[in-house]
Every structure is written in structure tokens, then in C-alpha cells.
Amino acid sequence: MRRKKKTFWRPAAAGFGVMYLAITGLATWLVKEQFADDYGQRFREGAVTILAKKASEKEFSMEEVRDGWDEAQRKDFYQALANEELWRVDSDRLLISVAFYDEDGKLLAKSRDQVGGSSVRESGTVIREYASFALDDFLSQEEKIQLARYNSKRVQTWDLTQPDPLRFSVRVSPNGRELWAIYVQELMWTEEGEWDGDWYTDPVTGSRHIQDSGVTVDYATGQEMGEGKTFYETDSEIVWQWLNPAVPDAERTEGVISSETNLGLPYMDVYGGGSYEKWKKWSESPYLHDIPETGEFVWESGLEEPPFIIDSDGLYYRGRYQLKVGMVDAPSAYMEIRMEGRPWLAAMDYMKYVYLAGAALTLVCMAGIVRSFSRTYDRQAALEENRRDFINAMAHELKTPLGVIRNFAENLLEHNMEEKRDYYLAQIIRQTEEMDQMAAEMIELSKLDSEELVLGNEPVSFSELIREQMARLEPKLQEMRLAVEYQEEGSFVVNGDRNYLAKAVWNLLSNAVEYNQPDGGIWIRIGTGQCVIENTGLPLKEDQLLHAFDLFYSGAKEAGGGNRHTGMGLFLARKILRLHGLDAGLENGDGRIRAIIK
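The sequence shown begins at 2 in the numbering used here and counts up by one.
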């Protein structure tokens with residue numbers, strides 16, 4: 002019964018999987034730590050930049066601007082600053098929010114998604130102010146995402162030399178303090194040289210629009226490549242809109258349209274860059290938006306640097322600075338800057354190609370190891386199977402001569418048969434000779450299987466070997482009256498061990514003699530690269546041809562062989578020949594059995 006073949010891929014996969022996860026996990030952790038340090042450094046540098054900017058603003062006189070400010074205008078001013086400061090911290094993966102507090106610790110403004118906050122000027126004088134509006138107060142999250150996607154399209158397609166493809170407009174109350182509607186229009190423009198002079202009045206703004214593009218510049222040389230162009234709006238389409246449900250349609254028409262609307266979506270600006278994905282992460286972060294209405298500030302102005310308050314958890318790297326700064330309308334006030342980063346996600350994104358390469362390398366190594374173990378196991382299993390087969394075959398082969406010896410010995414002991422005594426002793430000696438021959442062949446076989454086997458390397462002529470071994474068989478040839486015919490058509494010379502090759506030729510020739518017929522013949526033909534030995538005999542069966550070179554196979558006795566065949570001669574002959582890069586085979590001929598060496 003064959004043992005079930007052992008599979009190695011499962012334990013190998015488990016082992017390599019654990020190793021892969023351990024190595025990549027450690028590498029990712031190290032990269033994560035580097036990202037966390039980088040976040041902290043960039044956040045610190047950004048905070049210092051913001052603090053320096055606030056100090057310079059304190060020195061700038063804005064008395065003429067602040068005269069007559071009400072509380073709403075004051076908050077609008079700081080709201081603009083809160084969104085502006087987001088760009089002071091330079092990092093692709095680090096997100097921040099800024100909040101301003103007055104001297105009493107009450108929240109003035111914080112970073113937010115907003116729309117509006119523009120001014121209308123005539124001759125340098127502000128004639129109308131539009132407040133900024135927090136989008137979270139009016140739009141659902143889904144509506145805000147839709148608006149952000151249009152803004153992302155505008156950011157991605159923005160070109161200084163071309164007119165804007167989209168226009169964002171708001172309709173506010175006549176006093177500019179209430180948001181009534183938001184419009185997104187897709188615009189069609191015609192260059193001045195192609196314009197037919199037919200003015201188009203925009204249905205949303207009620208105005209005619211002209212836009213001048215910038216001068217085309219080769220930034221490599223700094224040379225102007227062409228003049229600016231003028232474009233005329235010739236058509237438009239509202240692709241998205243939001244209407245305040247609290248405002249009746251009839252009343253909404255009385256509102257004021259601002260076509261130069263500031264859409265303030267942090268990290269998504271035509272000038273500041275950014276992306277929709279970064280804005281979405283910022284917009285969905287509770288830590289960056291849940292800023293308290295009343296702040297508790299403990300930083301003492303005498304300290305050189307404010308303390309960095311860490312609010313980090315296992316996944317997010319979070320922290321905040323609380324700065325005491327001078328503001329343009331107060332001797333002192335406070336600003337809180339919050340930071341959020343995802344060093345684990347950043348590290349995994351940074352390592353993604355390392356993961357792929359590592360996985361591929363791991364699979365290759367695993368496949369190589371599994372293949373090596375499998376081949377080693379197969380070799381060991383084959384050796385074990387050969388060992389068992391060899392022992393079984395040896396026991397079977399030795400059983401016959403031992404049984405004969407026992408029978409003849411018992412006859413000598415039990416019967417007084419002087420007339421047959423010499424015959425019995427001759428048979429006992431013959432059987433011991435067969436056992437001795439078998440032992441010698443077993444020794445030769447073990448030598449051939451030894452890893453320490455060293456074969457000679459000299460030119461050996463098969464023509465010479467054939468003639469030498471046939472000379473040894475001459476008495477047997479005469480006894481069986483066998484005719485021998487040589488035919489040499491070419492030279493067959495190989496480099497190898499002469500003694501072992503002589504044994505291989507001897508086994509093939511003695512087999513041709515042993516299984517021949519009286520008054521038969523042997524035909525030997527040597528050609529270039531091969532040697533053919535034929536002997537008279539009955540055709541072998543297909544099974545006999547297939548297994549004739551197997552160890553201890555004695556089926557050839559059916560073809561008329563004697564009883565001295567051990568079943569090892571042909572096996573040894575083929576093994577020796579294969580060690581020399583040759584091979585041997587048997588086939589039936591016309592009333593002959595043919596052995597071929599090539």
C-alpha cells in the first residue's frame with residue numbers, strides 16, 4: 002500500500018505568510034513613525050508661520066477699515082482668516098483646522114465649508130458686502146458633495162489662458178445677510194474674432210459677461226508666447242442649484258445675485274490646488290470640526306513656544322496648538338490650530354508597491370522552497386520504495402537457491418544415497434555460486450548508487466569491448482554451437498570508465514548467449530554512435546520488453562533461458578550506460594531479439 006504523498010504548500014504558505022506579515026508590518030510601522038514625526042515637524046513649522054503672520058498683521062493699521070464694524074462684519078473678517086490659514090501648513094497628507102477666539106475665550110470663527118464673503122467695489126470703494134455662509138447650515142452632506150464635485154471639475158480644468166467653464170453664483174437677501182440660492186452654470190464662450198456681435202444676457206445673473214484670458218508664457222524661458230484673448234459668453238446652462246426652501250419663489254426674485262462668488266471648500270482651490278479626496282477627508286473629520294464654543298487657553302505668553310497638545314489615538318495622529326496672538330482689533334486674543342493625520346494609511350499607501358514586490362518575491366521563494374522540499378521528499382520516498390522493493394525482491398530471489406540447498410541437504414541427511422551424493426553436492430555448490438553472483442551484483446549496484454562514485458574518463462571503443470567479452474564467452478559459444486557474426490560500419494567511442502562499460506557489455510552479451518537456442522547465432526553490428534546485439538530466440542511479449550531492464554525481473558526465462566539468471570544483469574547494464582550518457586533497449590526482430598546501445 003502506497004503512503005499518501007505529503008503536501009508542503011500549506012505549512013509553507015502559513016510560514017511565509019507569517020513572515021511576510023511580520024516583515025511588512027514592521028516596515029510599515031517604521032514608515033508610520035517617520036510620517037508621524039514629519040507631521041509634527043510640518044505642523045510646528047506651520048504654526049510658527051501663522052503666529053508670525055498674525056504678529057505682522059497686528060502692526061498693520063486697519064483703523065480706517067474697522068471703523069463702523071458690527072459684530073457680524075467682525076466675524077466675517079475672522080472667518081476669512083480661518084479658511085485662509087489652512088494653506089500655511091504644507092503637507093499632502095496632513096489636515097488642519099483653525100479657530101479664532103476673542104480675549105474672553107469665545108469662538109469668533111473656525112475653518113469651514115462656506116460660500117460668499119465677497120465685496121462689490123466702485124472706484125475702489127466698497128459699496129456692498131456679502132456675508133459668507135456655512136454650507137453645513139443649509140446643505141445636506143449629499144448636496145455638499147455634489148457641489149464639491151463641480152468645484153473639483155473647475156479646479157482640474159482651470160486654465161489661465163481659457164475662460165472659466167463653470168460659474169458659481171449665489172442669490173442673497175437685499176441686505177446680504179441671508180442665503181437664498183446657489184447656482185452652478187456650465188458656460189459657453191466665443192473668442193472675440195469669432196463672435197458675431199450678438200450679446201447674450203445670462204438668465205441667472207441678468208448680465209452680459211466678457212472674460213479676458215491671461216498672456217501665454219513659456220515658463221522655461223520666461224518669454225511671452227502670445228497676447229491675451231477676450232471671450233464673450235454666448236450661452237449657459239444651470240447644471241446644479243440649491244434653493245432655500247424658507248424663501249418663497251416670488252420673493253427670491255428680489256434677491257441680489259453675486260456672480261463673483263467665493264466658494265470656500267478647504268483643500269480644493271484653483272490657486273491653492275488640493276483635491277476632492279483631500280477635501281472629503283477634511284470635511285468628514287469630527288476632530289477638525291467639533292471645536293468648542295468656549296476655549297480654555299493655558300499657554301503663558303512668556304514661553305518661547307506653545308505646548309503641543311496631543312489627542313492622538315491608535316489610527317489617527319492628532320494634536321493642537323493654542324496660540325496667544327495679537328489681532329487687528331484687540332490687544333490680545335487666541336487661536337487654536339488642530340491637526341489630523343493618518344500616518345498608518347499614509348505609510349500603507351507609501352508602501353503599496355513594496356507590498357506587491359514583497360508578495361511576489363515571497364510567492365517565488367515559497368514556490369522554490371516548496372518545490373525543493375517536494376523534490377527532496379519525492380527522492381526520499383522513491384529511495385524508500387526502492388529499498389523496500391529491493392529487500393522484497395532479494396528475499397524472493399534468495400528463497401529459491403536456499404530452498405534448493407535445503408532440499409538437497411535434507412536428502413543427504415535422511416537417505417543413504419551414495420550414487421547421488423556427488424550430484425546433490427554439485428547442485429548445492431551451483432546454488433551457492435548463484436547466491437555469490439547475486440551478492441557480487443548487489444555490491445556493484447550499491448557502488449553505482451553511492452554519491453562517492455567516481456567514474457573514469459578515458460576513450461573507450463565498443464568494438465574492442467565487444468571482442469574482449471566475446472573471447473570470455475568462447476567456451477559457452479562452442480558448447481551451444483552458436484555462430485557469431487561481426488559487422489563494423491563505423492566507430493563507436495565514448496569517454497568513460499572502461500571497467501564499468503565492460504561489465505555492461507558483458508551482461509548484454511551473456512544475456513544474448515544465455516537466452517539463445519542451440520545451433521543459433523549472435524549478430525553484432527557496430528555503427529557510428531550505436532551498437533546492436535541480436536540473438537536467435539522467440540519474440541518477447543510486450544510486458545517482457547517493457548520490464549526486461551527492471552531489477553530482479555526474470556520474465557525472459559519464458560523465452561527459453563536457463564535458471565542461472567538473477568534478474569540484475571540487464572538492470573546493471575542500463576544503469577552503467579545511463580551514467581555514461583547512453584541507454585539500452587530491447588526489441589523484437591525477424592526471429593531474433595535485438596539489444597540496442599546508443
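Just so you know, even glycine gets a beta-carbon here, dropped at the ideal spot from N, CA and C. From a predicted model like this one, the values you see are computed outputs, not experimental measurements.
May I have the straight-line CA-CA distance separating residue i from residue j, to the nearest angstrom?
i    : j    : result
I597 : V533 : 5 Å
G198 : E187 : 21 Å
L600 : D584 : A question about residue 600 goes unanswered here, because the residues of the chain that appear run from 2 up to 599.
R45  : D270 : 24 Å
F572 : F550 : 5 Å
Y277 : Y268 : 8 Å
L498 : L456 : Contrary to the premise, residue 498 reads as Asp rather than Leu in this sequence. If I take the Cα positions, the gap works out to 5 Å.
L108 : A135 : 15 Å
A355 : L364 : Note on residue identity: the sequence assigns Val, not Ala, to residue 355. So the alpha carbons of these two residues sit roughly 14 Å apart.
V371 : D437 : 44 Å
A15  : D312 : 38 Å
A484 : E420 : 38 Å
R94  : R43  : 11 Å
R150 : F101 : 29 Å
E297 : L96  : 23 Å
L161 : E285 : 31 Å
A560 : Y554 : Any reading at A560 needs caution, since the residue's pLDDT is 46, under 50, leaving its predicted position unreliable; the model's value is listed next. So the two alpha carbons sit approximately 13 Å from each other.
I506 : Q470 : In the sequence under discussion, the amino acid at residue 506 is Val, which differs from the Ile named in the question. Approximately 7 Å, taken between the alpha carbons.
G369 : Q381 : 18 Å
W345 : T29  : 8 Å
P519 : E535 : 15 Å
T25  : C366 : 16 Å
N508 : N500 : 13 Å
F139 : K145 : 9 Å
V248 : G315 : 47 Å
K400 : M20  : 55 Å
E604 : E294 : Past the boundaries of the shown model lies residue 604; the chain is included only from 2 to 599, so the question cannot be answered.
E486 : I527 : 11 Å
Less than 9 Å between the C-beta atoms of residue i and residue j, yes or no?
i    : j    : result
I577 : A513 : no
Q488 : I523 : no
E337 : L324 : yes
T615 : W196 : The first residue shown for the chain is 2 and the last is 599, placing residue 615 beyond what the model contains.
V1   : L180 : What the structure shows of the chain is the stretch from 2 to 599, and residue 1 is not part of that stretch, so it cannot be assessed.
W243 : L148 : yes
G256 : A334 : no
A48  : K76  : no
F169 : R178 : no
M481 : G538 : no
S153 : N263 : no
V240 : V205 : no
M569 : L454 : no
L587 : L546 : yes
Could you pull out every residue in the same chain whose Cβ sits closer than 7 Å to the Cβ of residue i, ignoring the five residues on either side in sequence?
i    : result
L502 : V461, L466, I577, H581
R661 : The shown model of the chain, from 2 to 599, leaves out residue 661, and the question about it has no answer.
A530 : For clarity, residue 530 is Gly in the given sequence; the question names Ala instead. F493, K599, listed in sequence order.
P402 : Q432, E435, M436
P540 : N589
R389 : none
For residue i, I'd like the list of residues in its chain whose CB is within less than 6 Å of its CB, leaving aside the five on either flank, ordered along the chain.
i    : result
R113 : A135
R575 : F550, A585
G265 : N84, Q115
Q80  : A110, S133
A37  : Y318, P344
Would you say residue i reaches chain E, if we count a Cβ-Cβ gap shorter than 9 Å as a contact?
i    : result
E228 : Looking for chain E here will not work: only one protein chain is present.
So residue i and residue j are in contact, right, with Cβ under 8 Å, and what is the actual spacing, rounded?
i    : j    : result
V173 : S260 : Rounded, the Cβ-Cβ distance is 12 Å, inconsistent with contact.
W190 : Q157 : In fact, because the Cβ distance is near 18 Å, the residues do not count as touching under 8 Å.
R339 : Y288 : 7 Å
V32  : A360 : 17 Å between Cβ atoms; not a contact.
I638 : A410 : The structure shown has nothing for residue 638, since the chain only spans 2 to 599.
Using a Cβ-Cβ cutoff of less than 8 Å, which residues in the same chain neighbour residue i once the five nearest sequence positions on both sides are dropped?
i    : result
V495 : P460, V461, F463, L502, H581, G582, L583
Y40  : S92, R94, L95, Y318, M340, G342, P344
K230 : T162, E192, E193, D213, S214
T254 : none
R321 : F309, I310, D312, E337, I338, R339, M340
P175 : E255, G256, V257
Under the criterion of a Cβ to heavy atom distance below 8 Å, does residue i qualify as lining the ligand GDP?
i    : result
A110 : Among the components of this structure there are no ligands whatsoever, and the ligand GDP is therefore not found.
Inset, instruction - Entirely within the stretch 322-389 and at least 3 residues each: give me those beta strand (DSSP E) ranges in chain order. - result: 331-342
Inset, instruction - Output the residue ranges of the beta strand (DSSP E) runs that lie fully inside the stretch 112-181 and measure 3 residues or longer, sorted by chain position. - result: 115-117, 120-123, 126-130, 133-135, 167-173
Legend entry - Contained beta strand (DSSP E) runs [length at least 3] in the stretch 468-528, N- to C-terminal order: 484-489, 494-497, 522-528
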